[in-house]
Amino acid sequence: MGASQSTEPAVSAEQREAESVAASTGTLPLLHKAFSNLSNPQTNAVPFENLPQCFGFAREDRTYSGNSVPASFPVLLDHLGSSIVDQFFVPGKGGIDWLQFVNGFNKCCARVSASVSLNMLFRVFAAMALKANVPLHLVFESEDDECKINGHLLPSDVLLLLYVCWVMSWDCRNLGNSERKGNVRLPDLSHLVLSAITSCSKVEGGFNVWDCDVSSLGVELPAGKFVTWVMSTVPCLPDCLRQYFHARIQMAGDQLEYLNSSTGDISSAAACDYILTQGRAWAISITQKSTVNDEISRVFLCSGSGMDKNLLYRFASLTLNQSHISVLCFSLWALLSFQKA
9 MGASQSTEPA VSAEQREAES VAASTGTLPL LHKAFSNLSN PQTNAVPFEN
59 LPQCFGFARE DRTYSGNSVP ASFPVLLDHL GSSIVDQFFV PGKGGIDWLQ
109 FVNGFNKCCA RVSASVSLNM LFRVFAAMAL KANVPLHLVF ESEDDECKIN
159 GHLLPSDVLL LLYVCWVMSW DCRNLGNSER KGNVRLPDLS HLVLSAITSC
209 SKVEGGFNVW DCDVSSLGVE LPAGKFVTWV MSTVPCLPDC LRQYFHARIQ
259 MAGDQLEYLN SSTGDISSAA ACDYILTQGR AWAISITQKS TVNDEISRVF
309 LCSGSGMDKN LLYRFASLTL NQSHISVLCF SLWALLSFQK A
């Protein structure tokens with residue numbers, strides 16, 4: 009009698025390796041669920057046109073408010089999903105098959121060096137800017153993920169990049185929120201832009217850091233120096249893309265409705281009552297590669313009511329001016345940096 013033949017399809021060494029990498033992150037079961045929900049049963053592949061919706065941050069019935077929201081920002085976000093898909097997925101003739109799906113996830117979410125993660129973030133941002141017709145003066149020397157980045161960024165470019173990363177961070181922390189659409193209140197991140205400016209360039213004649221419209225400054229920040237600033241000052245910034253990618257895969261796997269979250273829209277008065285605002289908390293959190301990151305990041309609650317339960321976010325019974333708040337935030341940052349060291 010001949011040996012019985014297995015009816016299981018042969019698994020290539022490439023697929024086994026890709027699945028092993030995904031399994032090392034603990035995400036392989038979730039990838040199976042997401043692929044099953046997204047793929048076409050007839051072709052056993054994910055239609056390529058479906059993926060931008062999966063990773064997109066559409067602005068239908070959504071508004072953006074803040075101190076200085078760039079006019080190009082909503083348009084830029086319209087291209088977040090398609091830029092992520094173009095960066096991480098290589099479609100076949102019938103769409104994205106299982107191996108391509110896993111490889112796309114691994115490329116973004118598997119363990120890589122910090123420089124590679126930052127390079128991928130810059131590539132996604134550059135693709136968004138190109139599609140939105142936003143001028144951006146970054147040049148990648150090659151297609152390699154570890155290639156050198158030349159060119160420069162303007163302060164307005166840095167602000168856009170930070171806002172994109174903040175939105176991705178905020179979105180990850182509001183999965184499954186029952187409230188829909190609504191207003192996205194962007195925090196004041198000018199302090200981070202000013203930090204990048206002072207670290208990466210010299211402004212002729214100087215400028216008043218307390219009274220300065222960063223988006224109007226025409227100073228050029230060399231790409232190499234900006235990379236150094238990110239790696240040394242806000243090393244967790246590239247994690248925003250990885251976390252957003254993972255969260256959207258989770259949404260697909262759990263069949264959560266896309267784009268169903270909203271900010272809870274803390275009123276302007278209420279937002280001012282917190283020393284540790286969303287912007288300041290996020291800025292501090294991305295400097296910390298430790299459990300402190302999660303604790304500080306809890307300001308990303310879907311409404312202001314939850315902040316009252318955490319002492320970190322309670323408003324002190326003091327009359328605080330801008331300088332008091334700045335000193336307190338700097339002291340908190342210094343304390344966390346000392347703890348990290």
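If you read the sequence shown in the numbering used here, its first letter stands for residue 9, the second for the next number, and so on. Glycine included, every Cβ here is placed at the ideal spot set by N, Cα and C.
Beta-bridge pairing by DSSP links His-160 to Pro-230. For Ala-53, the secondary structure class from DSSP, reduced to helix, strand or coil, is strand. Rounded to the nearest whole angstrom, the C-alpha separation of Leu-229 and Leu-194 is 23 Å. The residue among Trp-106, Val-54 and Val-93 with its C-alpha nearest the C-alpha of Ala-26 is Trp-106. Phe-148: member of the beta strand (DSSP E) spanning 146 to 148, first to last residue. By the C-beta density criterion, Gly-34 is exposed, having fewer than 16 other C-beta atoms within 10 angstroms. Contact between Ala-140 and Leu-59 does not hold, since the beta-carbon distance rounds to 19 Å and is not under 8 Å. A residue is called buried once 16 or more other Cβ atoms fall within 10 Å of its Cβ, and Gly-100, having fewer, is exposed. DSSP places Arg-256 within a helical segment (H, G or I) once states are collapsed to three. When DSSP states are grouped into helix, strand and coil, Asn-48 belongs to the strand group. In the DSSP assignment, His-199 falls within the alpha helix (DSSP H) that extends over 198 to 208. In the DSSP secondary-structure assignment, Tyr-72 is bridged to Val-192. A Cβ-Cβ distance of about 7 Å is found for the pair Val-227 and Pro-163, placing them in contact under the 8 Å criterion. About 27 Å separates the beta carbons of Ile-257 and Ala-18, which is beyond the 8 Å limit, so they are not a contact pair. The Cβ-Cβ distance between Ile-157 and Phe-130 falls below 8 Å. Between Leu-88 and Gly-261, the C-beta gap is not smaller than 8 Å, which leaves the two residues out of contact.
Val-124 and Glu-154 do touch by the CB rule: their CB atoms are close to 6 Å apart, below 8 Å. Leu-161 is positioned such that its CB atom lies closer than 8 Å to that of Phe-234.
According to the DSSP assignment, Ser-121 belongs to no alpha helix (DSSP H), since it is labelled neither H nor E. Residue nearest to Ser-150 within the set Ala-204, Gly-287 and Met-128 is Met-128 (criterion: CA-CA distance). When the five nearest sequence neighbours on each side are left out, the beta carbons in the same chain lying within less than 8 Å of the beta carbon of Cys-244 are those of Ser-293, Ile-294, Thr-295, Gln-296, Lys-297 and Asn-301, in order along the chain. Nearest to Leu-202 by C-alpha distance, out of Ser-20, Val-192 and Ser-224, is Ser-224. Under the DSSP assignment, Val-29 falls in the alpha helix (DSSP H) whose first and last residues are 21 to 32. Distance between Pro-78 and Gln-95, taken at the CA atoms: about 25 Å. Of the residues Pro-55, Asp-221, Leu-138 and Ala-135, the one whose Cα lies closest to the Cα of Leu-200 is Asp-221.
Here Ile-294 carries a coil assignment [DSSP, helix/strand/coil].
CA-to-CA, the gap between Gly-102 and Thr-51 works out to about 7 Å. Rounded to the nearest whole angstrom, the CA to CA distance from Cys-116 to Ser-28 is 15 Å.
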